[in-house]
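Residue numbers (the working numbering): 529 to 928. For each residue, glycine too, the CB sits at the ideal point set by N, CA and C.
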Ligand code: FEO
């Protein structure tokens, strides 16, 4: 049975949410599910904005048929060719053979790759600032390469002041009936997922996100319709403020994140001692994560949020404990910068963890590495409390 929501008199939400997919991109855990958004504009011409993941395909086609109410489909605007949005394009073309695809040249190439079909005769290729009149509405296309793939574009509808933003401004999390950001407490229920989505999906492409924000700032935007998560109409400023920080790698909070790897609890103990000393020195904003217990996507999100990172890990196979190595390699690949980092290593013989962590950190930009690492021999010795205290004092003095 169809389940749609009206956005305005001419625009209908026809996407769907899934709580049965365990991982987004088969990689990121999504315990709250995810929505795959699609929108239908009913003007003199009918315009479908993107399709959805096949997991919600049945609902999508019921919604599309219901919303069209017997009308034909004239255009399918393709903002992004990742399969969570594009996989049903072939089926849309089969059901609505007169439909014209509207997308970038890069997207057309990908349609050929994904569907092994020559659609050039059925496509209207658009580029930066091209426009398409659909009757009362004029769609204005803007390129947004690498937010999140190279073929991405966004669409601005000047009549309704809506920006269809592709992956930008999206978030993990299934919708529960409510669609608009003012229908729930976004900060409380969605912000962590929005941060985890942004940092892991488009975190690497800060410059490209900045370019998109510049283009968006020239538009009079009343609503943002992304491909995942709620439609924005009330707190757009809050979200843009977050995007400014995330895309320039500015920490959101003056806070300490202690990420530790531990095999038998000894490195964890050193991390706990540091946390206690930080608290005694007045630091209130401290979070701690065991990298074996916390998914790396959450560690990534928290490292984008916090100003100070303490990484504590044992030596393993003459190198670095693998879970810490994976986390470090992830934040390096995502281009995280502008952080202060301190290291604690643990080894029973031949310490190597700090050396490997240092080499990784030195390969990142604009990272301040605090002094020499604290090197624990099997377990924290009485004589080493002072070196942990020195580290705590240094961090506390920066945060006061
Ligand atoms: Fe939601 Fe990059 O796809």
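Across the set 856, 909, 918 and 923, the C-alpha of 856 shows the shortest separation from the C-alpha of residue 890. Relative to the Cα of residue 730, the nearest Cα in the group 713, 639 and 672 belongs to 672.
Look at the stretch 743 to 786 and you find these whole runs of beta strand (DSSP E), each 3 residues long or longer: 751 to 753. At a threshold of 8 Å, residue 698 counts as near ligand 1, since its beta carbon sits closer than that to one of the ligand's heavy atoms. In the three-state reduction of the DSSP assignment, residue 649 falls in the helix class, which pools H, G and I.
Distance between residue 712 and residue 760, taken at the CA atoms: about 11 Å. For residue 895, the pairing in a beta bridge is given by DSSP as 867. Taken atom to atom, the span from the alpha-carbon of residue 556 to that of residue 802 is near 30 Å. Relative to the Cα of residue 789, the nearest Cα in the group 782, 783, 798 and 781 belongs to 798.
By the criterion of a C-beta distance shorter than 8 Å, residue 804 is surrounded by no residue of its chain, once the five residues flanking it on both sides are discounted. Each residue's CA atom was taken as its position, placing residue 662 and residue 601 some 12 Å apart. With respect to the C-alpha of residue 568, the residue from 551, 859, 547 and 597 having the closest C-alpha is 597. Boundaries cannot be given for residue 693, as no alpha helix (DSSP H) includes it and DSSP labels it neither H nor E. Short note on residue 616: C-beta not closer than 8 Å to any heavy atom of ligand 1. A distance of 9 Å or more separates the beta carbons of residue 690 and residue 859.
A heavy atom of ligand 1 is found nearer than 8 Å to the CB of residue 608.
Shown here, residue 874 sits in a strand according to DSSP, grouped into three states.
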